[in-house]
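Residue numbers (the numbering used here), protein chains in the order written: chain W, 66 to 350; chain D, 544 to 827. For glycine and all other residues, C-beta sits at the position ideal for the given N, C-alpha and C. All of these numbers come straight from a predicted model, not from anything done at the bench.
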Amino acid sequence: MTEPHPIPERTKIPVPLTPEQSAVKAVRFGSWYFAEHMFRQMRNWLVSIAAYSIGSPLAYLFAMGIGLASLVNSSTSNQFSGVSYQTFIAPALVASTALMSAAGDFMFPVMAGFRWRRIYYGPHASPLVPEQIAKGHIISTFIRILLPTAVYYLIVVLFQAAPSPWGWLSVLTASLAAMSFGLPLMAWVATLKTDAGQFAMVQRFIVTPLFLFSGTFFPLSQLPVFLQWIGWISPLWHATELGRVLSFGYPEAAWLTVVHLVYLLALAGFGWRLSQRIYAKRLAE
Amino acid sequence: MSAALSGTESAADSAAARVANRRGSFGALYSGNARSVIARGLLATRSTNWLVMLSGFVEPVLYLLSMGVGLGSLVGAVTGPGGQQISYAAYIAPALLATSAMNGAVYDSTWNVFFKMNFAKLYQGMLYTSLGPLDVALGEIFLALLRGFVYATGFTIVMAAMGLVTSPLALLMVPASVFIAFGFASFGMGITSFIKSFQGMDWINFVMLPMFLFSATFYPLSVYPEAVQWIIQALPLWHGVELLRELGAGVIGWGTAGHLLYYVVMTVLGLILTTSRLRKLFLK
Chain W
66 MTEPHPIPER
76 TKIPVPLTPE
86 QSAVKAVRFG
96 SWYFAEHMFR
106 QMRNWLVSIA
116 AYSIGSPLAY
126 LFAMGIGLAS
136 LVNSSTSNQF
146 SGVSYQTFIA
156 PALVASTALM
166 SAAGDFMFPV
176 MAGFRWRRIY
186 YGPHASPLVP
196 EQIAKGHIIS
206 TFIRILLPTA
216 VYYLIVVLFQ
226 AAPSPWGWLS
236 VLTASLAAMS
246 FGLPLMAWVA
256 TLKTDAGQFA
266 MVQRFIVTPL
276 FLFSGTFFPL
286 SQLPVFLQWI
296 GWISPLWHAT
306 ELGRVLSFGY
316 PEAAWLTVVH
326 LVYLLALAGF
336 GWRLSQRIYA
346 KRLAE
Chain D
544 MSAALSGTES
554 AADSAAARVA
564 NRRGSFGALY
574 SGNARSVIAR
584 GLLATRSTNW
594 LVMLSGFVEP
604 VLYLLSMGVG
614 LGSLVGAVTG
624 PGGQQISYAA
634 YIAPALLATS
644 AMNGAVYDST
654 WNVFFKMNFA
664 KLYQGMLYTS
674 LGPLDVALGE
684 IFLALLRGFV
694 YATGFTIVMA
704 AMGLVTSPLA
714 LLMVPASVFI
724 AFGFASFGMG
734 ITSFIKSFQG
744 MDWINFVMLP
754 MFLFSATFYP
764 LSVYPEAVQW
774 IIQALPLWHG
784 VELLRELGAG
794 VIGWGTAGHL
804 LYYVVMTVLG
814 LILTTSRLRK
824 LFLK
């Protein structure tokens with residue numbers, strides 16, 4: 066038998082928390098614990114998330130901002146409020162990338178949580194309440210969208226396509242738009258009992274039209290009137306216009322800027338409340 | 544049900560006959576019954592949501608409406624493949640058709656196969672029967688091409704309705720886009736056989752996105768410096784885009800033959816790769 070190691074004086078031996086202390090911690094930090102769990106899962110995707118956050122802006126800014134711009138600029142007198150085509154589309158690209166990753170991150174992991182892998186049911190058996198699980202999911206996804214959006218904006222700056230000093234705020238408005246689209250979507254996905262191809266439909270009949278008809282590559286007014294309404298209800302159009310105001314001083318009535326912001330906040334707030342209510346109901350089943 | 548039961552005996556006989564017929568270098572892989580896989584696929588399609596089927600056709604149409612109409616009003620006329628001036632919508636429409644042929648074929652031969660293999664465990668069941676991996680592969684590729692054919696026909700009709708078809712040769716865009724799809728599908732399964740996880744599948748999109756954006760889809764190749772032009776011209780989608788663009792405008796020549804040849808070579812190489820990987824793909 067070997068001699069037992071002497072315990073150094075200063076080492077603290079962890080003491081288990083009392084049930085009361087655990088309860089207090091669960092109530093106070095529960096959402097963050099669940100967010101941490103989500104982050105640990107995302108680690109598997111870290112390389113591809115990083116590659117996308119750098120590759121996608123480079124591809125779009127080169128292809129659309131330089132390649133396509135050569136056609137657009139050569140054939141029209143400037144229609145883009147006095148800035149280059151690249152500067153004009155950059156805020157739209159930032160916002161649409163944020164919104165599109167929200168579409169993925171508020172569909173598949175939610176379905177995985179309730180059905181495919183039942184990830185939510187483990188935490189649900191702990192002191193966490195369903196509202197915290199919903200909030201934790203939202204917090205982790207928000208940060209997971211915010212960081213690549215910030216990277217996107219930095220690359221836009223490197224392309225010199227964001228002249229205004231307030232441009233960095235468009236990172237926040239783009240992430241807000243991702244929430245105002247993603248949170249109602251999350252609430253809807255949480256009601257789904259089976260997976261019958263709905264996600265492909267959302268991608269093709271909602272996300273793609275939003276990307277294409279939200280004034281991303283041309284001012285909304287270029288579209289025939291019967292297609293313009295898509296832009297008006299699209300969080301992406303509101304975020305794009307806000308981003309343009311912030312990043313190059315797009316001339317727009319002040320009330321309209323306020324409308325954009327209020328619309329995005331209202332949708333996000335609605336989704337925030339609704340998703341928590343639906344999680345509570347679904348997990349209680 | 545009773546009909547199926549009474550047919551069991553003769554079905555067993557013919558299956559035994561097919562297994563006995565397995566000869567030659569493909570004997571271990573192929574039982575000459577890909578049509579069963581196709582019949583199963585068609586039956587499964589009938590019971591799925593028809594909107595899911597329709598959705599594959601809608602995407603290129605939306606792009607055509609948005610970029611062709613919305614952006615087209617800013618761009619105006621551009622130079623077509625024969626040097627003539629054509630509308631921007633007519634310029635990008637064949638490129639969108641080529642892209643959708645690529646996307647459809649790649650999706651069906653990678654994501655779809657990956658899912659059916661690892662989650663639905665569909666092929667396991669099939670391979671317990673007299674079917675060999677090559678039956679499964681041929682059946683799946685045929686189904687993907689059939690879908691591509693239907694979508695391409697639909698898209699060409701939309702082009703005609705928008706007044707973007709100016710030459711009878713444009714009808715050839717339909718078989719040509721099936722041909723393009725075949726080139727991509729023949730490679731897709733071979734590549735899927737190397738991929739182990741969803742994270743790995745993600746890299747497929749990572750290659751497809753720049754190819755879509757840079758292959759002279761939305762603007763001519765002349766924008767790029769010469770070195771970049773060479774790289775783009777080595778990629779398959781560029782040949783597909785140019786092929787359909789030339790057919791769509793009715794301007795064909797040696798270049799058209801060159802694009803076709805590219806796809807012939809690609810398909811042959813893809814089939815060699817996929818066949819050599821079939822055991823790895825389906826038999827685990």
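Three or more beta-carbon pairs under 8 Å between the region 165-180 of chain W and the region 240-252 of chain W, yes or no? yes
Report the neighbours of R423 (chain W) on chain D: residues whose CB is nearer than 7 Å to its CB, in chain order. Since the first residue of chain W shown is 66 and the last is 350, residue 423 (chain W) is not available in this structure.
In angstroms, rounded to a whole number, what distance separates the CA positions of V159 (chain W) and H303 (chain W)? 13 Å
At what residues does the beta strand (DSSP E) containing Q628 (chain D) begin and finish? 628-630
Decide if the region 208-222 of chain W is in contact with the region 111-127 of chain W; the criterion is three or more beta carbon pairs, one per stretch, under 8 Å apart. yes
Contacts of V656 (chain D) in chain W (Cβ-Cβ under 7 Å): Near V656 (chain D) there are no residues of chain W at all, since even the closest Cβ is about 16 Å away, more than 7 Å.
If you measure from the beta carbon of R678 (chain D) to each beta carbon in chain W, is any gap under 9 Å? According to the sequence as given, residue 678 (chain D) is Asp; it is not Arg. No, D678 (chain D) lies away from the interface with chain W (no Cβ there is under 9 Å from its Cβ).
Could you give the first and the last residue of the continuous beta strand (DSSP E) run that contains V621 (chain D)? 620-622
Are S135 (chain W) and Y606 (chain D) touching if we call contact CB-CB under 9 Å? no
Taking L614 (chain D) as the query, report the chain C residues whose CB atoms sit under 7 Å from its CB, ordered along the chain. Absence of chain C from the displayed structure is noted, the protein chains being W and D.
What residues in the region 150-163 of chain W have a beta carbon less than 7 Å from any beta carbon of chain D? none
Considering Cα atoms alone, identify which of D:G733, D:A759, D:M751, D:I775 is closest to S652 (chain D). D:G733
Closer than 7 Å at the beta carbon, the chain W residues around P753 (chain D): A124
Check whether the Cβ of P300 (chain W) lies closer than 9 Å to any Cβ atom in chain D. no
Considering Cα atoms alone, identify which of D:L677, D:I684, D:A641 is closest to F755 (chain D). D:A641
Return no unless some Cβ of chain W is closer than 9 Å to the Cβ of W746 (chain D). yes
Going by other Cβ atoms of all chains shown within 10 Å of its Cβ, with 16 needed for buried, is R182 (chain W) buried or exposed? exposed
Report buried or exposed for A680 (chain D), applying the criterion of at least 16 other Cβ atoms within 10 angstroms of its Cβ. buried
What does S135 (chain W) reach in chain D if we use C-beta pairs closer than 8 Å? Y762, V766
Whole-angstrom C-beta distance between Q144 (chain W) and L617 (chain D), which should lie under 8 Å: 6 Å
Delimiting residues of the alpha helix (DSSP H) encompassing D170 (chain W): 150-170
Comparing alpha-carbon positions, which option in D:S736, D:T696, D:A636, D:E785 lies nearest K659 (chain D)? D:S736
Neighbour list for A128 (chain W) in chain D, Cβ cutoff strictly below 7 Å: L756, F757
Name the residues in the region 104-118 of chain W whose C-beta lies less than 8 Å from a C-beta of chain D; which are they? N109, W110, V112, S113, A116, Y117
With the cut-off set at 9 Å, would you say R209 (chain W) and M107 (chain W) are in Cβ contact? yes
Nearest to L241 (chain W) (by Cα), restricted to the options W:A163, W:W297, W:P228: W:A163
Rounded straight-line distance, which links the Cα of Y573 (chain D) to that of L677 (chain D): 5 Å
So with Cβ pairs under 9 Å, would you call T698 (chain D) a contact of chain W? Looking at the sequence provided, one finds Phe at residue 698 (chain D) rather than Thr. No, F698 (chain D) does not count as interfacial toward chain W.
Between W:V310, W:L275, W:A252, W:T273, which lies nearest to R338 (chain W) when the distance is taken from Cα to Cα? W:A252
Are the Cβ atoms of G625 (chain D) and S720 (chain D) separated by less than 9 Å? no
Whole runs of the alpha helix (DSSP H) within the region 660-707 of chain D, excluding any shorter than 4 residues: 665-671, 676-704
For G336 (chain W), collect the residues of the same chain with a Cβ closer than 8 Å to its Cβ; drop the 5 residues on either side in sequence, then sort them by chain order. M244, S245, G247, L248, P249, L250, M251, A252
Beta carbon proximity, T588 (chain D) to chain W, threshold 9 Å: no
Name, please, each residue of chain D whose Cβ falls closer than 7 Å to the Cβ of G296 (chain W). Within chain D, no residue comes near G296 (chain W); the closest Cβ sits about 10 Å away, beyond 7 Å.
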